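Sequence order for the protein chains is F and V. When you line the first sequence up against this note's numbering, it's residues 86 to 418, in that order. When you line the second sequence up against this note's numbering, it's residues 86 to 418, in that order. Even for Gly, the Cβ is constructed at its ideal location relative to N, Cα and C. Here the structure is a predicted model, which is why all the values come from computation and not from measurement. See below for the structure under consideration.
2 protein chains.
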Amino acid sequence: MKKLINQADNVVVDALKGMEAAHPDLLKVSYDPKYIVRADAPVKDKVAVVSGGGSGHEPLHGGFVGRGMLDAACPGEVFTSPTPDQMEAATKAVSGGKGVLHIVKNYTGDVLNFETAADLCQAEGIDVEAVVVDDDVAVKDSLYTAGRRGVGTTVLMEKIVGAAAERGKSLKEVADIARKVNAQGRSMGMALTSCTVPSAGKPTFELGADEMEVGIGIHGEPGRERMKVKTAREIVEMMSDAVISDLPYKSGDELIVMVNGMGGTPLIELYILYNEFAQVAKAKGLKISRKLVGNYITSLEMQGFSLTLLKADADMVKLWDDPVLTPGLRWGV
Amino acid sequence: MKKLINQADNVVVDALKGMEAAHPDLLKVSYDPKYIVRADAPVKDKVAVVSGGGSGHEPLHGGFVGRGMLDAACPGEVFTSPTPDQMEAATKAVSGGKGVLHIVKNYTGDVLNFETAADLCQAEGIDVEAVVVDDDVAVKDSLYTAGRRGVGTTVLMEKIVGAAAERGKSLKEVADIARKVNAQGRSMGMALTSCTVPSAGKPTFELGADEMEVGIGIHGEPGRERMKVKTAREIVEMMSDAVISDLPYKSGDELIVMVNGMGGTPLIELYILYNEFAQVAKAKGLKISRKLVGNYITSLEMQGFSLTLLKADADMVKLWDDPVLTPGLRWGV
């Protein structure tokens with residue numbers, strides 16, 4: 086294993102120190118328990134939005150802490166759920182009196198731990214709602230999940246819901262928007278290569294020199310099918326079919342689209358993939374209102390990408406366009 | 086070779102189509118000859134800033150086209166200089182009557198071709214100045230270069246000089262600022278893995294399972310030394326020493342710092358590296374005024390990073406803070 090780290094068991098702490106050093110204007114870091122909050126937390130009379138999950142998916146979630154997106158993020162060890170005490174402490178640290186929304190990717194550990202944290206916070210008088218993201222169409226159940234996995238829609242949800250909270254909406258309103266985003270968002274991923282969890286020291290899985298894994302999870306969990314590598318066009322068509330037919334997205338729908346790199350994919354390839362998707366969308370009468378092309382929810386150094394579609398009405402697009410000021414996503418300020 | 090492409094010889098065109106589809110609000114693409122211009126080009130009575138170079142370093146340069154940065158970028162084939170006709174056409178397309186600055190990374194092909202293009206444009210009455218970036222401290226001459234190679238400082242120069250042009254400064258003033266940025270900027274890179282040029286189909290070089298190449302170029306050109314992989318701390322200390330001692334940067338200097346991923350490096354590792362550099366800077370009395378941590382000048386899917394330091398006075402920091410609206414760098418709007 087070759088990695089730019091000091092010690093496998095210090096990866097998360099060292100990276101948190103780097104985030105703290107790089108972005109003191111945007112965020113603050115607690116190390117025991119570990120969580121990141123926006124620099125001006127708690128924001129009074131605003132619903133606070135908290136997420137978290139295993140590390141290794143950067144910029145998700147810590148890179149999305151800041152004005153107009155997350156109030157707090159709880160980083161677990163690499164590909165490992167954070168613990169309830171992290172979530173509880175983060176929730177208390179950002180609670181501004183108007184309630185707290187937990188955005189939870191659907192992995193068994195994350196869901197259980199966020200539930201425990203919510204119970205503890207509610208017992209102390211903090212109003213907490215949770216929304217679970219389960220947008221991955223690839224498999225029904227998986228290695229770490231009952232039901233569908235939560236992947237790319239999380240990024241779009243954190244942006245949109247963060248904007249709704251910033252606008253002063255109530256906890257119920259913010260949670261309703263989050264549920265609507267989840268209901269209208271779908272994703273699927275694929276990989277050309279595995280990644281290596283630092284503490285494991287060896288690749289999570291093996292793929293042949295001419296093979297790809299379609300429908301892969303963000304921790305390298307098995308997908309739908311292992312097959313010979315195809316062209317970008319063939320891959321995008323195959324994945325688009327799976328994602329579009331699932332909701333289904335229909336001619337005339339307006340979309341927010343994310344073509345997301347898994348961490349080790351050159352940007353030049355992501356643009357090639359985006360071009361292929363734009364042609365698919367055109368042929369199917371889908372209108373792309375907004376898009377992200379880049380690394381937003383990654384799997385360490387994995388080569389591959391995921392496609393996320395969100396059917397977005399005008400209100401959702403307005404929330405999307407609202408200012409955001411985080412290490413990973415920034416516009417309007 | 087596994088890549089998310091259609092055909093090795095269509096990579097650049099397909100990616101340009103993706104950029105055009107993704108960012109019609111920011112840029113326009115010409116395909117014959119190939120160049121990217123900002124959507125509102127030519128901007129009247131503004132110095133136009135043009136750069137370019139081989140593809141495979143995205144977001145550099147095309148991703149930096151837009152308000153407050155580049156007026157045009159000329160993409161060559163992967164790791165291959167663009168041709169004079171591209172540069173000439175791009176220069177003419179963005180010329181707004183106040184002159185055009187060429188920002189040229191110091192590679193023999195790029196320098197010669199930009200010179201030819203400048204001569205052609207000047208013969209037609211367009212005032213052109215060129216500034217060559219040669220900031221890489223690793224080696225004196227290299228595979229594709231007489232003198233030092235041009236690397237990370239190019240990114241910082243494009244931002245700062247783009248802002249100066251946007252403020253209405255003259256060609257001479259803009260060129261002077263560019264020369265000052267080059268004089269005060271230094272970089273060095275390293276790699277854990279090679280990358281594979283699509284048309285070559287095999288890795289540019291081979292590195293042992295426990296080896297790294299220190300001082301590597303952005304095309305995989307040999308660096309200073311091949312050695313066993315060290316910790317992030319040791320690597321940053323070694324590279325910081327080389328970069329800091331070169332200018333030299335001195336206690337009290339204010340810096341703009343870039344910790345840049347080579348394309349295949351997880352963001353979590355870049356933050357670990359940034360943390361190490363922040364400690365080195367503190368120990369040496371260097372003040373970090375501004376910073377970038379991410380993928381800005383890449384080498385396809387290479388794993389590794391580069392460190393760029395720029396001694397920045399207050400005026401330079403002001404230009405840095407000016408609004409920028411490009412696919413790869415955006416703030417203030």
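Contact belief for residue i with residue j at Cβ below 8 angstroms, rounded distance in angstroms
i	j	result
Y334/V	L394/V	6 angstroms
E243/V	L186/V	With 8 angstroms as the limit, E243/V and L186/V do not qualify as a contact, their Cβ atoms being about 10 angstroms apart.
S272/F	D220/F	5 angstroms
G201/F	P167/F	First, the residue type needs correcting, since residue 201/F is Thr and not Gly in the sequence shown. The Cβ separation is near 11 angstroms, so there is no contact.
I382/V	L145/V	4 angstroms
V240/F	A250/F	V240/F to A250/F, Cβ: 16 angstroms. No contact.
R415/V	E361/V	R415/V to E361/V, Cβ: 27 angstroms. No contact.
A175/F	A157/F	4 angstroms
G141/F	I353/V	6 angstroms
N191/F	G232/F	6 angstroms
L89/F	F290/V	Not quite, the Cβ-Cβ distance comes to about 19 angstroms (not below 8 angstroms), so this is no contact.
A107/F	V378/V	5 angstroms
G153/V	L410/V	6 angstroms
R252/V	V216/V	The Cβ separation is near 18 angstroms, so there is no contact.
DSSP beta-bridge partners of residue i
i	result
T230/V	S227/V
R152/F	L410/F
W416/F	V409/F
M387/V	G348/V
R423/F	Residue coverage of chain F in this structure runs from 86 to 418, which leaves residue 423/F outside it and unanswerable.
V240/V	Answer by DSSP bridge pairing: none, since V240/V is not bridged.
A157/V	V122/V and V135/V
P288/V	T281/V
D221/V	S272/V
L186/F	V134/F and E214/F
I341/V	R375/V and L395/V
R264/V	R264/V pairs with nothing; no bridge assigned.
A114/V	For the record, residue 114/V in the displayed sequence is Val; it is not Ala. Paired residues: I121/V.
K313/F	E296/F
H140/V	It is Ser, not His, that sits at residue 140/V in the sequence shown. Answer is V163/V.
Chain V contact residues for residue i, given Cβ-Cβ distances below 8 angstroms
i	result
N380/F	L352 and N380
F390/F	L89
I121/F	What I121/F touches in chain V: nothing, since even the nearest Cβ is about 12 angstroms away.
E386/F	G349, T350, P351 and Q388
L277/F	K87, K88 and L89
Residue i: CB within 7 angstroms of a non-hydrogen atom of the ligand GTP
i	result
D331/F	Because no ligand of any kind appears in the structure shown, any question about the ligand GTP cannot be addressed here.
Contacts that residue i makes with chain V (C-beta to C-beta distance below 9 angstroms)
i	result
W416/F	L410, R415, W416 and V418
N360/F	D99, A100, L101, K102, G103, M104, E105, A106 and A107
Residue i: contacting residues in chain F (beta-carbon distance under 9 angstroms)
i	result
K225/V	Per Cβ cutoff of 9 angstroms: no residues; K225/V is ~26 angstroms from chain F at best.
Y229/V	By Cβ distance, chain F contributes nothing, its closest Cβ being about 20 angstroms from Y229/V, past 9 angstroms.
Beta-carbon neighbours of residue i, restricted to chain F and to distances below 7 angstroms
i	result
L112/V	Within chain F, no residue comes near L112/V; the closest Cβ sits about 12 angstroms away, beyond 7 angstroms.
K376/V	A107
A157/V	Within 7 angstroms Cβ-Cβ: nothing; A157/V doesn't reach chain F, min ~18 angstroms.
A363/V	A106
I188/V	Simply none; closest approach about 20 angstroms.
Y192/V	Under the 7 angstroms cutoff, chain F gives no residues; its nearest Cβ is about 18 angstroms from Y192/V.
Amino acids of chain F, ordered along the chain, whose beta-carbon sits closer than 8 angstroms to that of residue i
i	result
T383/V	P351 and L352
Y116/V	Ordered by position in chain F, no residue passes the 8 angstroms Cβ test against Y116/V, which lies about 13 angstroms from the chain.
Beta-carbon neighbours of residue i, restricted to chain V and to distances below 7 angstroms
i	result
I211/F	Chain V residues near I211/F: none, gap ~30 angstroms exceeds 7 angstroms.
**Chain-ordered residues of the segment 126-155 of chain F with a beta carbon less than 8 angstroms from chain V** = S140, G141, E143, P144 and G148
**Asked** Taking one C-beta from the segment 368-384 of chain V and one from the segment 328-348 of chain V each time, how about it: are there three or more such pairs within less than 8 angstroms?
**Response** Yes, the segment 368-384 of chain V is in contact with the segment 328-348 of chain V.
**Asked** How about the segment 124-131 of chain V and the segment 180-188 of chain V: do they share at least three Cβ pairs that are nearer than 8 angstroms?
**Response** yes
**Request:** Evaluate the contact criterion for the segment 203-212 of chain V versus the segment 234-241 of chain V: three or more CB pairs, one atom per stretch, below 8 angstroms.
**Result:** Counting Cβ pairs under 8 angstroms, fewer than three are found: no touch.
**Request:** Can you give me, in chain order, the residues of the segment 392-403 of chain V that have a beta carbon less than 8 angstroms from any beta carbon in chain F?
**Result:** none
**Message:** Counting beta carbon pairs with one atom in the segment 158-177 of chain V and one in the segment 109-122 of chain V, are three or more of them shorter than 8 angstroms?
**Reply:** Touching, yes, given that three or more Cβ pairs across the two stretches are closer than 8 angstroms.
**Request:** Would you be able to state if there are at least three C-beta pairs under 8 angstroms between the segment 100-108 of chain V and the segment 351-366 of chain F?
**Result:** yes
**Request:** Could you please tell me which residues of the segment 326-349 of chain F, in chain order, have their CB closer than 7 angstroms to any CB of chain V?
**Result:** G348 and G349
**Request:** Check distances from the C-beta atoms of the segment 95-110 of chain V to those of chain F and list, in chain order, the residues that come in under 7 angstroms.
**Result:** V96, D99, A100, K102, G103, M104, A106 and A107
**Request:** Scan the segment 301-324 of chain F for residues whose Cβ lies nearer than 8 angstroms to a Cβ of chain V and list them as they occur along the chain.
**Result:** V314, T316, A317, R318 and I320
**Prompt:** Is there contact between the segment 290-310 of chain F and the segment 263-278 of chain F, where contact requires at least three CB pairs shorter than 8 angstroms?
**Reply:** yes
**Request:** Would you check if the segment 241-261 of chain F and the segment 313-324 of chain F touch, i.e. whether three or more CB-CB distances between them fall below 8 angstroms?
**Result:** By the C-beta criterion, the segment 313-324 of chain F is judged not to be in contact with the segment 241-261 of chain F, since fewer than 3 inter-stretch pairs fall below 8 angstroms.
**Residues, ordered as in the chain, of the segment 234-268 of chain V that lie near chain F by beta-carbon distance below 8 angstroms** = Near chain F, meaning a CB-to-CB distance below 8 angstroms, no residue of the segment 234-268 of chain V qualifies.
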